[in-house]
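Some notes on the structure that comes next.
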Amino acid sequence: MNAQLPPALIELLPADCRATAELLNRGCACISVDHESLRRELAASDRGAPVDEWLASRPHLFADSMVFVSEVHLERMARTIAAVERVVALPAYRQ
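Taking the working numbering, the leading residue of the sequence shown gets 14, the next gets one more, and so forth.
So, in structure tokens, the structure goes:
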């Protein structure tokens with residue numbers, strides 16, 4: 014599901030991944046998400062998971078077009094998610 018940019022375009026992009034993500038989002042690479050392929054991939058990767066139910070109950074879970082995110086932002090999101098998961102696992106939070 015990871016779209017590859019043409020090598021000629023990659024050479025034009027800044028080395029800083031944050032600047033690259035901003036440039037791609039600003040210039041609209043306009044790559045649409047193939048929702049049916051996404052559904053099939055999710056169903057194949059997680060045996061027995063109710064993927065169709067998840068997608069039906071969360072129609073806006075995936076956008077129609079891609080947004081480019083820098084590695085720095087991905088790492089921050091991962092740290093935030095890990096912190097939230099630690100907090101909700103605490104007995105005091107569950108009370």
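By construction, the Cβ of each residue, glycine as well, lies at the ideal position given by its N, Cα and C atoms.
According to DSSP, residues forming a beta bridge with residue i
i     : result
LEU50 : In the sequence on display, residue 50 carries Ser and not Leu. In the DSSP output, where bridge partners are listed per residue, SER50 has none listed.
SER45 : SER78
Classification of residue i by the beta-carbon crowding that lies within 10 angstroms, buried from 16 upward
i      : result
ALA105 : exposed
ALA34  : buried
ASN15  : Its pLDDT being 47, under 50, ASN15 is placed unreliably in this model, and the value from its coordinates should be taken loosely. Flag for ASN15 reads exposed.
Cα-Cα separation, residue i to residue j
i      : j      : result
PRO72  : ARG39  : 25 Å
GLU84  : ALA95  : 16 Å
LEU65  : GLU49  : With the sequence shown as reference, residue 65 is identified as Asp, and Leu is not the correct amino acid for it. Between ASP65 and GLU49, the C-alpha separation is close to 11 Å.
ARG89  : PHE81  : 15 Å
ALA69  : VAL101 : 26 Å
ALA76  : PRO20  : 26 Å
ARG107 : LEU36  : 43 Å
Option nearest residue i by Cα separation, candidates the options
i     : options                     : result
SER3  : ARG89, GLU24, SER78, SER70  : It is not possible to answer for residue 3, since the shown part of the chain is limited to 14 through 108.
ARG52 : PRO20, LEU74, VAL101, LEU37 : LEU74
HIS86 : ALA32, LEU55, PRO20, ALA76  : ALA32
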